[in-house]
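A.B. asks: Next up is a structure, given as structure tokens.
Numbering (UniProt numbering), first residue to last: 1 to 487.
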């Protein structure tokens with residue numbers, strides 16, 4: 001067995017060649033902190049601080065710069081990989097190129113990556129952001145096309161707050177703050193969450209300017225990790241699940257609990273991940289509005305994230321869709337994240353409905369998200385013969401397959417009184433939070449433990465009555481089961 005848990009070193013930064021050689025468990029934050037002193041940054045940096053370089057390469061990760069540079073594996077020049085027979089080989093676009101392209105986005109099913117060479121580009125000190133208001137998905141697509149044609153724009157994404165209101169956010173790096181622009185920050189507990197600030201800009205700043213856009217300046221690191229606090233808007237659902245007020249004060253007080261790494265751990269430890277829809281799906285520009293119409297009609301889960309991506313062939317896992325036979329392709333990733341049906345059967349059905357619509361509209365899923373395909377359905381989308389040939393050639397047939405690693409087709413949880421008790425809202429959420437808290441998953445854990453002793457009685461007084469009502473409804477199965485549970 002090979003463990004890469006200690007592979008956390010940045011081995012080399014070469015400012016002249018503009019590359020960094022790193023081990024796979026180097027986080028995005030460590031990579032940024034190491035390269036910014038040289039005035040450099042990786043062209044694609046995922047928005048969560050603790051996503052790793054190896055995870056980005058193996059798992060297909062895109063960000064707001066991916067409309068220029070492609071997904072993260074496109075900026076990796078070469079890898080060192082341990083094959084299933086123990087052989088250590090290097091792979092790049094010119095050496096073992098089939099292995100290099102095959103390992104990208106294959107979730108470690110061709111071997112264990114132990115080293116990566118990552119491209120770097122010149123970094124500015126600030127990001128100048130233009131927030132452009134849009135009133136439909138079709139208008140969002142047109143705005144994305146317009147900004148893509150402007151070579152000065154290096155970062156581009158969007159948020160749909162409703163079917164008829166949203167923002168396209170375009171960024172360019174600058175060395176000094178633009179005169180007259182507000183400087184906003186997003187990394188400290190006193191700062192707003194980025195999506196909350198974006199909503200405020202849409203509702204207040206843009207209307208007051210009598211226009212359709214608003215410009216502000218953000219320090220570069222604050223921009224790159226702007227969504228880490230609150231996990232986009234996943235943190236909003238955490239507040240709502242626990243009946244907690246969602247305002248500046250509560251976000252300030254609970255800041256340590258709503259960073260992405262902490263929330264992700266609590267989400268999975270509590271089991272709430274089995275009730276939370278997580279889908280990232282790329283669509284051709286022509287079908288993106290149709291998918292958003294479908295989501296609005298059947299799910300009504302907002303906000304939605306829009307992230308244009310440039311996909312460069314050969315694509316990970318060799319998808320079979322008609323659009324993916326081209327040398328390169330532009331798609332818009334639609335991020336769909338929110339509470340789904342609490343009943344397991346309904347939850348799977350909801351996700352499979354999204355998968356069916358994705359195929360109908362020739363979309364392409366990011367497979368780190370929930371996947372509920374059967375094996376025939378999965379291999380109807382991807383080239384199994386090509387994938388299996390690579391696994392045979394590079395001695396990977398005894399490793400789990402990508403289908404085994406990405407699909408969620410396990411047995412349902414037992415429907416016993418004990419399970420109902422454990423899974424009652426908000427008991428399971430509190431369990432996940434306490435696991436992180438008392439398990440030392442937070443900085444300064446002892447201080448937090450002391451604070452929890454002081455704050456717990458107050459929190460109990462505030463929320464006990466609401467918990468009792470919800471407890472009774474869940475324990476005795478009195479709560480209505482809708483398509484999407486959004487309480």
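Note that CB positions come from ideal geometry on N, CA and C, so glycine has one too.
Which one of 260, 132, 172 has the shortest CA to CA distance from residue 209?
C.D. replies: Along the chain shown, read from residue 1 onward, the residue named residue 209 stands at position 209. Of the candidates 260, 132, 172, the one whose C-alpha sits nearest the C-alpha of residue 209 is 132.
A.B. asks: Would the beta-carbon of residue 139 fall within 8 Å of that of residue 213?
C.D. replies: What you label residue 139 is simply residue 139 of the chain shown in a count that begins at 1. What you label residue 213 is simply residue 213 of the chain shown in a count that begins at 1. Their beta carbons are not under 8 Å apart, which means residue 139 does not touch residue 213 by this criterion.
A.B. asks: Roughly how many angstroms separate the alpha carbons of residue 64 and residue 372, rounded to a whole number?
C.D. replies: Working through the chain shown from its first residue, we reach residue 64 at position 64. Working through the chain shown from its first residue, we reach residue 372 at position 372. Rounded to whole angstroms, residue 64 to residue 372 spans 27 Å at the Cα level.
A.B. asks: Determine the burial state of residue 341: buried for a count of at least 16 other Cβ atoms within 10 Å of its Cβ, exposed for fewer.
C.D. replies: Position 341 of the chain shown holds residue 341. Residue 341 is buried by the Cβ-count criterion.
A.B. asks: Considering only the alpha carbon of each residue, which of 377, 392, 348 lies closest to residue 408?
C.D. replies: The residue you call residue 408 lines up with position 408 of the chain shown. That would be 348, whose Cα lies nearest to the Cα of residue 408.
A.B. asks: Inspect the beta-carbon positions of residue 317 and residue 108 and report whether they are closer than 8 Å.
C.D. replies: To locate residue 317, count along the chain shown from 1; it is residue 317. To locate residue 108, count along the chain shown from 1; it is residue 108. Result no, Cβ atoms of residue 317 and residue 108 do not sit closer than 8 Å.
A.B. asks: Tell me whether the segment 74-89 and the segment 108-120 touch, counting them as touching only if at least three CB pairs, one residue from each stretch, are closer than 8 Å.
C.D. replies: The segment 74-89, when compared against the segment 108-120, does touch it at the 8 Å Cβ threshold.
A.B. asks: In chain order, what residues of the same chain have a beta carbon less than 8 Å from the beta carbon of residue 285, not counting five sequence neighbours either side?
C.D. replies: In the chain shown, residue 285 corresponds to position 285, counting from 1. For residue 285, where only same-chain residues beyond five positions count, the Cβ hits under 8 Å are 141, 144, 145, 330, 331, 332.
A.B. asks: Ignoring anything shorter than 3 residues, give me the beta strand (DSSP E) runs that lie fully in the UniProt domain "FAD-binding PCMH-type" (1-123), in order along the chain.
C.D. replies: The qualifying runs are 10-14, 19-22, 76-82, 88-92, 112-119.
A.B. asks: With 16 other CB atoms within 10 Å as the buried threshold, where does residue 398 fall?
C.D. replies: For this step, residue 398 is matched to residue 398 along the chain shown. Residue 398 comes out exposed.
A.B. asks: At the level of alpha carbons, what is the spacing between residue 229 and residue 196?
C.D. replies: Along the chain shown, read from residue 1 onward, the residue named residue 229 stands at position 229. Along the chain shown, read from residue 1 onward, the residue named residue 196 stands at position 196. If I take the Cα positions, the gap works out to 11 Å.
A.B. asks: Alpha carbon to alpha carbon, what distance is there between residue 206 and residue 61?
C.D. replies: Locating residue 61 in the chain shown gives position 61, counting from the first residue. Locating residue 206 in the chain shown gives position 206, counting from the first residue. Each residue's Cα considered, the two are about 31 Å apart.
A.B. asks: To the nearest angstrom, how far is the alpha carbon of residue 267 from that of residue 429?
C.D. replies: Within the chain shown, residue 267 is the residue found at index 267, counting from 1. Within the chain shown, residue 429 is the residue found at index 429, counting from 1. Looking at the two C-alpha atoms, the distance is approximately 7 Å.
A.B. asks: Does DSSP put residue 230 in a helix, in a strand, or in coil?
C.D. replies: Along the chain shown, read from residue 1 onward, the residue named residue 230 stands at position 230. It is coil, neither helix nor strand.
A.B. asks: Who are the Cβ neighbours of residue 496 in its own chain at under 7 Å, not counting the five residues just before and after it?
C.D. replies: The chain is shown from 1 up to 487; residue 496 falls before or after that span and cannot be answered.
A.B. asks: Inspect the beta-carbon positions of residue 125 and residue 176 and report whether they are closer than 8 Å.
C.D. replies: Here residue 125 refers to the residue found at position 125 of the chain shown. Here residue 176 refers to the residue found at position 176 of the chain shown. Closer than 8 Å, so yes.
A.B. asks: Please look up how many angstroms separate the CB atoms of residue 121 and residue 18, rounded, as I've assumed it's under 8 Å.
C.D. replies: Sequence index remark: in the chain shown, residue 121 carries index 121 (1-based). Sequence index remark: in the chain shown, residue 18 carries index 18 (1-based). Right, their Cβ atoms sit about 7 Å apart.
A.B. asks: When you compare the CB positions of residue 23 and residue 36, do they come within less than 8 Å of one another, or not?
C.D. replies: Residue mapping note: residue 23 aligns to position 23 of the chain shown, counting from 1. Residue mapping note: residue 36 aligns to position 36 of the chain shown, counting from 1. No, the Cβ-Cβ distance between residue 23 and residue 36 is not below 8 Å.
A.B. asks: Could you check what DSSP says for residue 490 in three-state terms: helix, strand or coil?
C.D. replies: What is shown of the chain runs 1 to 487, which leaves residue 490 out entirely.
A.B. asks: Roughly how many whole angstroms lie between the Cα atoms of residue 202 and residue 310?
C.D. replies: Reading the chain shown from its first residue, position 202 is the one you call residue 202. Reading the chain shown from its first residue, position 310 is the one you call residue 310. So the two alpha carbons sit approximately 27 Å from each other.
A.B. asks: Taking the alpha helix (DSSP H) that residue 310 falls in, what are its first and last residues?
C.D. replies: Here residue 310 refers to the residue found at position 310 when the chain shown is read from its first residue. Run containing residue 310: none in the alpha helix (DSSP H); it sits in the beta strand (DSSP E), 304-312.
A.B. asks: With DSSP collapsed to three states, give me the class of residue 431.
C.D. replies: Walking along the chain shown from the start, residue 431 turns up at place 431. Helix.
A.B. asks: Taking the beta carbon of residue 7 as the centre, do at least 16 other beta carbons fall within 10 Å, making it buried, or is it exposed?
C.D. replies: Within the chain shown, residue 7 is the residue found at index 7, counting from 1. Answer is buried; the Cβ neighbour count reaches 16.
A.B. asks: Quick check: residue 170 and residue 280, are their CB atoms within less than 8 Å of each other?
C.D. replies: As a working mapping, residue 170 is identified with position 170 in the chain shown. As a working mapping, residue 280 is identified with position 280 in the chain shown. No, the pair does not count as a contact, with Cβ atoms beyond the cut-off.
A.B. asks: By Cβ distance, which residues of its chain are closer than 8 Å to residue 100, with the 5 residues on each side in sequence left out?
C.D. replies: Indexing the chain shown from 1 puts residue 100 at position 100. These residues qualify, in order along the chain: 78, 79, 91, 92, 93.
A.B. asks: Between which residues of its own chain and residue 239 is the CB-CB distance below 6 Å, once the five residues before and five after are set aside?
C.D. replies: Residue numbering aside, residue 239 sits at position 239 when the chain shown is read from its first letter. 246, listed in sequence order.
A.B. asks: Between residue 42 and residue 13, is the Cβ-Cβ spacing less than 8 Å?
C.D. replies: Locating residue 42 in the chain shown gives position 42, where the first residue counts as 1. Locating residue 13 in the chain shown gives position 13, where the first residue counts as 1. No; because the gap between Cβ atoms is not below 8 Å, this pair is not in contact.
A.B. asks: Grouping DSSP H, G and I as helix and E and B as strand, with all else coil, what is residue 193?
C.D. replies: In the chain shown, counting from the first residue as 1, residue 193 sits at position 193. In the structure shown, residue 193 sits in coil (DSSP, three-state: anything other than H, G, I, E or B).
A.B. asks: Exposed or buried, what is residue 31 when buried is set at 16 or more other beta-carbons lying within 10 Å of its beta-carbon?
C.D. replies: The residue labelled residue 31 in the question sits at position 31 within the chain shown. Buried, because 16 or more other Cβ atoms sit within 10 Å of the Cβ of residue 31.
A.B. asks: For residue 133, does the three-state DSSP call read helix, strand or coil?
C.D. replies: One-based indexing of the chain shown puts residue 133 at position 133. Three-state result, residue 133: strand.
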